[in-house]
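Going left to right, the sequence shown walks through residues 333 to 788 as the working numbering numbers them.
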Amino acid sequence: MATIQTKSAPGTARCEGPSTRDIILKDDHKAPGVITEESYRYLGDEDVDYAAYYSEEVHRLEMDKMWPETWLFACREEHIPNPKDSHVFDVGDYSALIIRQNDGSIKAFINSCKHRGMQLQENGTSDSLKVIRCPFHGWTWGTDGKLMSIPCAWDFPHVDNAEYALDEIAVDSWGGFVFVNFSSSAPPLMDYLDVLPRQFADWPMQNRHLVLHIQKTLPANWKMAQEAFLEAYHVLATHPQGLASAGDANAQYDIWGDHISRFVHTIGTRSPHLKGEGSEAEILKALGGDDLGLTLEEGDTARRVFSEHLRSTLGKEMGVDLSGVSTSEMIDSIEYHCFPNFMIFPGISLPMVYRFRPDGDNVDQSIFDLMFLSLTPEGTTPPKAPEPVKIGIETSYTEVEGMSPRLGHIYDQDTSNLARLTKGIKASRKKGQTLGNYQEVRIRQVRQTLDKYLSA
């Protein structure tokens, strides 16, 4: 295990078994250097309070001081591929109307009529607009935000059309992701993303497109729901079926600045929790190798055989050449987080994007956007993004058409903990959660960054 500096033990802390870096460096298909970079920082070991998960006051502070001051992933470029295509992004009471302009650029406006405040487009909708027309009284703007006409304009001599253009907000894109910022003094997006563009230099996400979007209501605060996906420490108890083929306790955790973090969780290797070395054949079987008809030759590893299988099958399925893609990129769970609520996986077989948002003013519920991206074959135009499949708290991910039953079961396990967790923290006499210095450092980073915004 890589050396981990801790406050209580300034020397080392180790799990048994090889480090993530060691595992990846042994692969035949070598991974890009950024995957084996290490950037851990000790961030303290004090308990992190529970109140922030259920406090109405904290919710309001977040709405006032955090959500409008951060860059937020709003949609993919393929949601608005053509001029005049629009998409509405909402978080709490904030709503942005994002529109592709005739010259291909993107503008974003506050989704509110300048007459009497009517919502111009409905929450979460995508549409192609000739004009922006308020459904209440018919005030009309061009898709560039300029006021075009007012019914009975003779009654509004005091309205200057130039002054009544829609309120613009900051919008920018990176890697095919469109971001908005509701602040009047938003920093440049590239500054906010910090090391993310450099880390993704070998993974041009603009060459991918959205193929499945599941939007699920979760019975937990958005921070609590998000934290369930920031660490692999929970695999032992929540996903015990994964221990035979996933390196949970030797996953790698990295921190960059206030906004960016990562874990690298290897697949095709045994958990350090399991006693004995086990065999490569057992690992391959746990990956479903028997069902896939996969076999091991002498000297083979489960990681190599499984990744080769995926290179062939996924390459044909997507119509792309995956021969140059490393084993780690093919099969490992590589997850980056951008504060406050955006997670992105650059891998091929686990190509997810996560987004977590509060569900209105209900601090005990949140909205989880689970998206899957596919590589876009060179020389082709990506299809327009599919509409989200909205499912309730009790609906299984496995019921969604196009969702892998195996992966859907894992997501069911992840989110099945949340209702009991919400109840448990409210019943607790202990006032906060005790986090691991290494495996749960990303949770601590998010909470510390949030505190900086709330106390600004």
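We put the beta carbon where it would ideally sit given N, CA and C, even for glycine. None of the values given here were measured: they were computed from a predicted structure.
C-alpha distance - residue 506 paired with residue 466, whole-angstrom precision:
In the sequence shown, counting from the first residue as 1, residue 506 sits at position 174. In the sequence shown, counting from the first residue as 1, residue 466 sits at position 134. One C-alpha to the other measures close to 31 Å.
So, with DSSP's three-state summary, where would you put residue 686?
As a working mapping, residue 686 is identified with position 354 in the sequence shown. Residue 686 falls in the strand class under three-state DSSP.
Exposure label - residue 600; buried when at least 16 CB within 10 Å:
As a working note, residue 600 is residue 268 in the sequence shown. The residue is buried, with at least 16 neighbouring Cβ atoms inside 10 Å.
Put residue 769 into one of helix, strand or coil per three-state DSSP.
What you label residue 769 is simply residue 437 of the sequence shown in a count that begins at 1. Residue 769: coil per DSSP, three-state reduction.
Taking residue 379 as the reference, which of 784, 787, 772 has the closest Cα?
Here the question's residue 379 lines up with position 47 in the sequence shown. Cα-wise, what sits closest to residue 379 is 772.
Alpha carbons only, please: which of 776, 751, 783 is nearest the one belonging to residue 563?
Sequence index remark: in the sequence shown, residue 563 carries index 231 (1-based). Of 776, 751, 783, the residue nearest in Cα terms is 776.
Tell me, please, whether the region 379 to 389 touches the region 756 to 770 by the rule of three or more beta-carbon pairs shorter than 8 Å.
yes
Out of curiosity, what's the CA-to-CA distance linking residue 770 and residue 778?
Locating residue 770 in the sequence shown gives position 438, counting from the first residue. Locating residue 778 in the sequence shown gives position 446, counting from the first residue. Distance between the alpha carbons of residue 770 and residue 778: 14 Å.
Contact set for residue 742: own chain, Cβ-Cβ below 7 Å, skip 5 residues either direction
Against the sequence shown, residue 742 aligns to sequence position 410. Excluding sequence neighbours, residue 742 sits near 571.
Enumerate in chain order the residues of its own chain whose CB-to-CB distance from residue 676 is below 6 Å, with the five nearest sequence positions on each side excluded.
The residue you call residue 676 lines up with position 344 of the sequence shown. Correct list, in chain order: 668, 685.
Put residue 567 into one of helix, strand or coil per three-state DSSP.
As a first step, residue 567 must be located in the sequence shown, where it is residue number 235. Of the three classes helix, strand and coil, the one that applies to residue 567 here is helix, per DSSP.
Below 8 Å, how does it come out for the region 429 to 440 and the region 395 to 404: are there three or more Cβ pairs, yes or no?
no
So for residue 439, helix, strand or coil by DSSP?
Within the sequence shown, residue 439 is the residue found at index 107, counting from 1. Looking at residue 439 - three-state DSSP - the assignment turns out to be strand.
Sorted by chain position, which residues of the same chain lie with C-beta nearer than 6 Å to residue 751's C-beta, five sequence neighbours on each side aside?
Working through the sequence shown from its first residue, we reach residue 751 at position 419. Closer than 6 Å at Cβ, skipping near neighbours: 551.
Where does residue 679 sit, in a helix, a strand or coil, going by DSSP?
As a first step, residue 679 must be located in the sequence shown, where it is residue number 347. In this structure, residue 679 counts as coil in the three-state DSSP scheme.
On the three-state DSSP scale, how would you describe residue 399?
Position 67 of the sequence shown, counting from 1, holds the residue named residue 399. Residue 399: helix per DSSP, three-state reduction.
Between which two residues does the alpha helix (DSSP H) containing residue 531 stretch?
As a first step, residue 531 must be located in the sequence shown, where it is residue number 199. Run containing residue 531: 528 to 531, per the alpha helix (DSSP H) assignment.
When DSSP labels each residue in this structure, what does residue 697 get in the three-state scheme?
As a working mapping, residue 697 is identified with position 365 in the sequence shown. It is a strand residue.
Tell me which residues share the same chain as residue 612 and place their Cβ nearer than 7 Å to its Cβ, disregarding the 5 neighbours each side in the sequence.
Your numbering for residue 612 matches position 280 in the sequence shown. For residue 612, where only same-chain residues beyond five positions count, the Cβ hits under 7 Å are 628, 632, 633, 634.
Give the list of continuous beta strand (DSSP E) stretches no shorter than 3 residues that lie fully inside the region 498 to 560.
500 to 506, 509 to 513, 540 to 550
Can you give the Cα-Cα distance for residue 737 and residue 568, rounded to whole angstroms?
On the sequence shown, residue 737 is found 405 positions in, with the first residue counted as 1. On the sequence shown, residue 568 is found 236 positions in, with the first residue counted as 1. Taking the straight line joining both Cα atoms gives about 21 Å.
The alpha helix (DSSP H) enclosing residue 746, as first and last residue numbers
Along the sequence shown, read from residue 1 onward, the residue named residue 746 stands at position 414. Residue 746 -> alpha helix (DSSP H) spans 737 to 748.
For the candidate residues 680, 649, 666, 726, whose alpha-carbon lies nearest to that of residue 656?
The sequence position of residue 656 within the sequence shown is 324, counting from 1. Residue 680 is the option with its Cα nearest to residue 656.
Among 365, 746, 366, 353, which one has its Cα closest to the Cα of residue 559?
The count along the sequence shown starts at 1 and reaches residue 559 at position 227. Residue 559 has its Cα closest to that of 746, out of 365, 746, 366, 353.
By how many angstroms is the C-alpha of residue 648 removed from the C-alpha of residue 683?
Residue numbering aside, residue 683 sits at position 351 when the sequence shown is read from its first letter. Residue numbering aside, residue 648 sits at position 316 when the sequence shown is read from its first letter. Cα-Cα distance, rounded: 16 Å.
Does the beta-carbon of residue 453 have 16 or more other beta-carbons within 10 angstroms, so that it is buried, or is it exposed?
Here the question's residue 453 lines up with position 121 in the sequence shown. Its Cβ being crowded by 16 or more others within 10 Å, residue 453 is buried.
Under DSSP, the alpha helix (DSSP H) around residue 662 begins and ends at which residues?
Here residue 662 corresponds to residue number 330 of the sequence shown, with the count starting at 1. Run containing residue 662: 659 to 663, per the alpha helix (DSSP H) assignment.
Would you list, in sequence order, the uninterrupted alpha helix (DSSP H) runs of no fewer than 4 residues that lie entirely inside the region 587 to 675?
612 to 618, 621 to 624, 634 to 650, 659 to 663
Quick one, which of 616, 744, 721, 429 has its alpha-carbon nearest residue 417's?
In the sequence shown, counting from the first residue as 1, residue 417 sits at position 85. Considering only alpha carbons, the answer is 429.
Within 10 angstroms of its Cβ, does residue 697 collect 16 or more other Cβ (buried), or is it exposed?
Position 365 of the sequence shown, counted from the start, is the residue given in the question as residue 697. Flag for residue 697 reads buried.
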